[in-house]
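Asker: Here's a structure for you.
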Amino acid sequence: PKLEYPFSVHSTAVLGPGVSIGAGVSIGPYAVLEAGVTVGAASIIGAHVVLGAGTTLGSKCRLHPQVVTYQDTLIGDEVTIHSGVRLGADGFGYTLVEGRHLKIPQLGRCVIGDRVEIGANSAIDRGSLGDTYVGDGVKIDNLVHVAHNVRIGAQTLLAALVGIAGSTRIGERGWFGGQSGAINQLEVGDDVKVTVQAGITRDVPDGATMFGFPARPRSEGLRKEASLARLPSLRARVSALERYVTRLSRKFGVAEEGSE
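Going left to right, the sequence shown walks through residues 21 to 280 as this note's numbering numbers them.
If you want it as structure tokens, here you go:
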């Protein structure tokens, strides 16, 4: 049901210096807007939301309670972000120097397009040098992780528990089923479908439907699964043939292969 919110700033909200708030904005209890945050008109910010310094939030957005954005996150118009989402945290970037893992500075931003919806407890990291980008109209389910420098094309759907590793680029109108994912540094084309629990380990052309792990085109993957299902019966048949050959060899005094 649609809830009505007062166009006001709650008395317990904390606004840093240089915060800009558009007309008709509602800011809930204990929300924190750090220095230089910009909020577009008619946006709703729930209780305990934290917008890091320099964050820009577009118009007509809805941030549910306990959403957190890190510094300089950019969010477009008409975006809905559910509770527990974290935008712009540091990416998982380290380099091994003299036996120690040293952190690589994560200097990019997390950029969210217009009309995006992000499900509860999902995390989208900031870029290391360039930006992490989520295109217009993308819909992301709960518990999804998008790593640093990933780019997701417009109108793509990511179901629950999807994981996209760093610097992978996903085209427009894609579909990733639950618990599927892609390793780093890949190019996934437009209109690609990735079935449930499939794992992408190589570049994928436009329009492909990928199945299994490592993910293959669906027809090839289904043939592989059908073959695997036949292995127990094939093994039994091979064992029976081996016993039959052994009996024949003994009967006719023929040495078996490998015997002396």
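Cβ atoms here follow ideal geometry from the backbone N, Cα and C, with glycine treated the same way.
As the structure is a computational prediction, the values presented were derived from the model and not from experiment.
Could you tell me the boundaries of the beta strand (DSSP E) in which His121 lies?
Answerer: For this step, residue 121 is matched to residue 101 along the sequence shown. 120-123 is the span of the beta strand (DSSP E), which, as asked, contains His121.
Asker: I think Ser31 touches Val45, with their Cβ atoms under 8 Å apart; what is that distance to the nearest whole Å?
Answerer: Taking the sequence shown and counting its residues from 1, one reaches residue 31 at position 11. Taking the sequence shown and counting its residues from 1, one reaches residue 45 at position 25. About 15 Å separates the two Cβ atoms, so there is no contact after all.
Asker: In this structure, how does DSSP classify Ala260 when only helix, strand and coil are distinguished?
Answerer: For the purposes of this step, residue 260 is identified with residue 240 of the sequence shown, where counting begins at 1. Ala260: helix per DSSP, three-state reduction.
Asker: According to DSSP, is Phe272 part of a helix, a strand, or is it coil?
Answerer: Stepping through the sequence shown from its first residue, residue 272 is reached at position 252. Three-state result, Phe272: helix.
Asker: Excluding the 5 residues flanking Ser187 on each side, which residues of the same chain have their C-beta closer than 6 Å to its C-beta?
Answerer: As a working mapping, residue 187 is identified with position 167 in the sequence shown. Contacts found: Asn169, Asn204, Gln205.
Asker: Enumerate in chain order the residues of its own chain whose CB-to-CB distance from Pro225 is below 6 Å, with the five nearest sequence positions on each side excluded.
Answerer: The residue you call residue 225 lines up with position 205 of the sequence shown. For Pro225, where only same-chain residues beyond five positions count, the Cβ hits under 6 Å are Gly209.
Asker: Below 8 Å on the Cβ atoms is my contact criterion, and I expect Ala109 with Tyr90 to pass it. Report the Cβ-Cβ distance as a whole number of Å.
Answerer: The count along the sequence shown starts at 1 and reaches residue 109 at position 89. The count along the sequence shown starts at 1 and reaches residue 90 at position 70. Contact flag correct, Cβ pair sits at about 6 Å.
Asker: Let me check understanding here. Comparing Cα to Cα, which of Gly194, His165, Arg189, Gly198 lies closest to Ala180?
Answerer: As a first step, residue 180 is located in the sequence shown; it is residue number 160 there, counting from the start. Between Ala180 and the set Gly194, His165, Arg189, Gly198, the nearest pair of CA atoms involves Gly198.
Asker: Helix, strand or coil, according to DSSP, for Glu54 in the structure here?
Answerer: Taking the sequence shown and counting its residues from 1, the one referred to as residue 54 is at position 34. Assigned with DSSP and collapsed to three states, Glu54 falls in coil, not helix or strand.
Asker: Using the Cβ count rule (16 or more neighbours within 10 Å means buried), how would you classify His102?
Answerer: For the purposes of this step, residue 102 is identified with residue 82 of the sequence shown, where counting begins at 1. Flag for His102 reads buried.
Asker: Which partner residues does Pro237 have in the DSSP bridge list?
Answerer: The residue you call residue 237 lines up with position 217 of the sequence shown. In the DSSP output, where bridge partners are listed per residue, Pro237 has Met230.
Asker: The beta strand (DSSP E) that contains Ile203, what's its start and end?
Answerer: Within the sequence shown, numbered from 1, the residue matching residue 203 stands at position 183. No beta strand (DSSP E) holds Ile203; DSSP gives it neither H nor E.
Asker: Skipping 5 residues on each side, what residues in its chain have a beta carbon closer than 7 Å to that of Ser28?
Answerer: The residue labelled residue 28 in the question sits at position 8 within the sequence shown. Ser46.
Asker: Within this structure, are the beta carbons of Thr152 and Val166 separated by less than 8 Å?
Answerer: Locating residue 152 in the sequence shown gives position 132, counting from the first residue. Locating residue 166 in the sequence shown gives position 146, counting from the first residue. Yes, the Cβ-Cβ distance between Thr152 and Val166 is below 8 Å.
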